[in-house]
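Residue numbers (UniProt numbering): 1 to 209.
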Amino acid sequence: MAALVLFGIAYPDNLRSRLWRNGGEEGWCSNPRLRIYFYANHEEPPEIPLIWSQNLTTSNMATAVLGLAVFFARLTMAALHYDARWTNLSYDIFLTMLWVFSAGAQNGSDLTDAQHLMERPWYLVRSCDDSWLQNRGWCRIAKWEYAWAILAASFYLSRIIVGLGSMVYEKGRRDGATASFNEWHWEGRAVMSYKDADGEFVPVPADRL
């Protein structure tokens, strides 16, 4: 829910267009206002960098919505006592990939203006106090969105590791439980034995009985 609110604030394009214009006027990245000169000269302007594009805003919002949908799906499966370990693992892998992409895209570059190259978003390498007064709140939201993407990717990755570890542990317990004990007779005495990994019956030493 928090992710939906956080990324919903920036939707549809309240955040990135403001930060792009702010950075462009200050010379920290390409200036969107200068694109008008390309149109005036009947030239094709450079492609809008992903970091400033509507596509990134939309994909972040979609990822947040999907994460919320998965959360409610998990609640439903838990209420129905459904064994959803593999389903949950699939969800975690998918969401990890989406949040990793989101974090990478939010840390993207703007190299469309050779005079003002931006290898990382200016609002991540500068203090928000350097931005225009009316954009400082948007700058902080952009920082929070980036931090959220990293934390979400780390969270789902940790769930994958814990889930796989739990499956391996449970498989080991099940394999150990299949070692069946049987009673057999040898030289007239009742001796306990167990079945080893090769399927052979191995007698249990008397001092362990």
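Ideal placement from N, C-alpha and C gives every residue a C-beta, glycine not left out.
Span separating the alpha-carbon of residue i from that of residue j
i           : j           : result
residue 30  : residue 78  : 49 Å
residue 168 : residue 91  : 19 Å
residue 156 : residue 143 : 20 Å
residue 210 : residue 108 : The requested residue 210 does not occur in the structure, where the chain is confined to residues 1 to 209.
residue 9   : residue 34  : 27 Å
residue 211 : residue 86  : The structure shown does not extend to residue 211, since the chain is modelled only from 1 to 209, so the question has no answer here.
residue 127 : residue 153 : 25 Å
residue 129 : residue 104 : 24 Å
residue 15  : residue 171 : 49 Å
residue 28  : residue 64  : 29 Å
residue 88  : residue 71  : 10 Å
residue 44  : residue 115 : 18 Å
residue 121 : residue 84  : 40 Å
Exposed unless 16 or more other CB atoms sit within 10 angstroms - verdict on residue i
i           : result
residue 166 : exposed
residue 141 : buried
residue 60  : buried
residue 161 : exposed
residue 76  : exposed
residue 110 : buried
residue 98  : buried
Reduced DSSP secondary structure (H/G/I, E/B, other) of residue i
i           : result
residue 1   : coil
residue 130 : helix
residue 53  : coil
residue 28  : coil
residue 10  : coil
residue 82  : coil
Proximal residues to residue i (C-beta, below 7 Å), its chain only, five neighbours per side dropped
i           : result
residue 148 : 3, 6
residue 231 : No information on residue 231 is available, as it lies outside the stretch 1 to 209 that the chain covers here.
residue 139 : 19, 123, 128, 131
residue 100 : 153
Residues that DSSP places opposite residue i in a beta bridge
i           : result
residue 118 : 110
Cβ-based neighbour list, residue i, same chain, cut-off 6 Å, excluding 5 preceding and 5 following
i           : result
residue 113 : 30
residue 52  : 16, 20
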